[in-house]
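Chemist: Take any residue in the sequence shown, count from 1 to its spot, add 2: that is its number in our numbering.
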Amino acid sequence: MKKRRSITPALAPLFPAAVLALSCAPVFAAGATALSPAASPTPSNITIQASKMEYLTDEKCVVLKEGVVVTLEGATLHADNAMAYQSTDSSGKTDFTRIVATGRVRIQTPERLVTAEKGVWERDKDLVRLTGDPSLTERGTGVMTADAIIYHISQRKVSFEGRVRARGKITDSVKKEYSGRQ
């Protein structure tokens, strides 16, 4: 039988000790918030918040429910629910490596808003892949949709997969950025 640990805001002060005892990334009480150590180069720091968290010991996974907020190097991901997967490197450090967000997913930066039904962040690829009717609203240019929208975190760029559709004003700089031509 799988071990499950439920964390609610009322139990948040006990969360750091419970999670550390389960060999999870350090977690600090402020509602229910998890911080990854700055062990890996991209992104340097991840902050995860949710109304409810469960830790699945065998899977090294944090189940996040209700009002999920993930901060990734200048971008904020919001979702109804998410699963944050961890792995341990050769030096023994545990860190988040993949987050699967579902239900009203959105990534927000000062320049743009991307919405979808599902978003998958992968640390080693430094990107979030959004599917399920994804839409990009960029300040001053309109709305673009595609079968999948990929947000490249450190580059702060987006790319598209499948059929791309656009509504609104498309400028020369936007055409160059999205087509990959300089």
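Just so you know, even glycine gets a beta-carbon here, dropped at the ideal spot from N, CA and C.
By how many angstroms is the C-alpha of T99 removed from the C-alpha of A41?
Modeler: As a working mapping, residue 41 is identified with position 39 in the sequence shown. As a working mapping, residue 99 is identified with position 97 in the sequence shown. Below a pLDDT of 50, predicted positions are generally treated as unreliable, and A41, at 36, falls in that range; no measurement from the model is reported.
Chemist: Count the other CB atoms, across all protein chains shown, that sit within 10 Å of the CB of K95; report buried if there are 16 or more and exposed otherwise.
Modeler: Residue 95 sits at position 93 when you count from the first residue of the sequence shown. With fewer than 16 other Cβ atoms within 10 Å, it is exposed.
Chemist: Please report the residue range of the beta strand (DSSP E) in which D82 lies.
Modeler: Within the sequence shown, the letter at position 80 stands for residue 82. Run containing D82: A77 to T90, per the beta strand (DSSP E) assignment.
Chemist: Buried or exposed for E140, please, with buried defined as at least 16 other CB atoms from any protein chain shown within 10 angstroms of its CB.
Modeler: Taking the first residue of the sequence shown as position 1, residue 140 is located at position 138. Classification for E140: buried.
Chemist: Could you tell me whether the segment 109–118 touches the segment 48–64, where touching means 3 or more Cβ pairs closer than 8 Å?
Modeler: At 8 Å Cβ cutoff, the stretches do not touch.
Chemist: Among the residues of its own chain, which have a CB less than 8 Å from the CB of G164, if the five just before and after it don't count?
Modeler: On the sequence shown, position 162 is the one that residue 164 refers to. Within the same chain, G164 has close Cβ partners A148, D149 and A150.
Chemist: Taking DSSP as the reference, what is the three-state secondary structure of K54?
Modeler: The sequence position of residue 54 within the sequence shown is 52, counting from 1. K54 falls in the strand class under three-state DSSP.
Chemist: Taking the beta strand (DSSP E) that I152 belongs to, which residues open and close that run?
Modeler: Residue numbering aside, residue 152 sits at position 150 when the sequence shown is read from its first letter. From DSSP, the beta strand (DSSP E) with I152 extends over A150 to H154.
Chemist: Is it buried or exposed for R125, if we count other Cβ within 10 angstroms and need 16 for buried?
Modeler: Here residue 125 refers to the residue found at position 123 of the sequence shown. Counting Cβ neighbours within 10 Å, R125 comes out buried, since at least 16 surround it.
Chemist: Please determine, among T133, L129, G142 and W123, the residue with the shortest C-alpha to C-alpha distance to I155.
Modeler: Within the sequence shown, the letter at position 153 stands for residue 155. Comparing Cα-Cα distances from I155 to each of T133, L129, G142 and W123, the minimum goes to L129.
Chemist: Going by Cα to Cα distance, which pick from V145, T117, V116 and Y153 is closest to K127?
Modeler: The count along the sequence shown starts at 1 and reaches residue 127 at position 125. It is Y153 whose Cα lies nearest to the Cα of K127.
Chemist: Of all the options I50, A103 and S89, which has the alpha carbon lying nearest to the alpha carbon of G134?
Modeler: The count along the sequence shown starts at 1 and reaches residue 134 at position 132. The option with the nearest alpha carbon to G134 is A103.
Chemist: DSSP state of R131, grouped into three classes?
Modeler: For this step, residue 131 is matched to residue 129 along the sequence shown. If DSSP states are grouped into helix, strand and coil, R131 belongs with the strands.
Chemist: Grab me the residues of G170's own chain with a C-beta within less than 7 Å of its C-beta, minus the 5 sequence neighbours each way, in chain order.
Modeler: Counting from 1 along the sequence shown, the entry for residue 170 is found at position 168. Cβ within range, chain order: T143, G144 and V145.
Chemist: Using beta carbons (cut-off 9 Å, strictly below), is M146 in contact with chain C?
Modeler: No chain C is part of this structure, which consists of one protein chain only.
Chemist: Confirm, please, whether the CB-CB distance from L79 to V70 is below 9 Å.
Modeler: Reading the sequence shown from its first residue, position 68 is the one you call residue 70. Reading the sequence shown from its first residue, position 77 is the one you call residue 79. Closer than 9 Å, so yes.
Chemist: Give me whichever residues DSSP pairs with E144 in a beta bridge.
Modeler: Taking the sequence shown and counting its residues from 1, one reaches residue 144 at position 142. Reading off the sequence, residue 144 comes out as Gly, not Glu. For G144, which the question treats as bridged, DSSP gives the partners E140.
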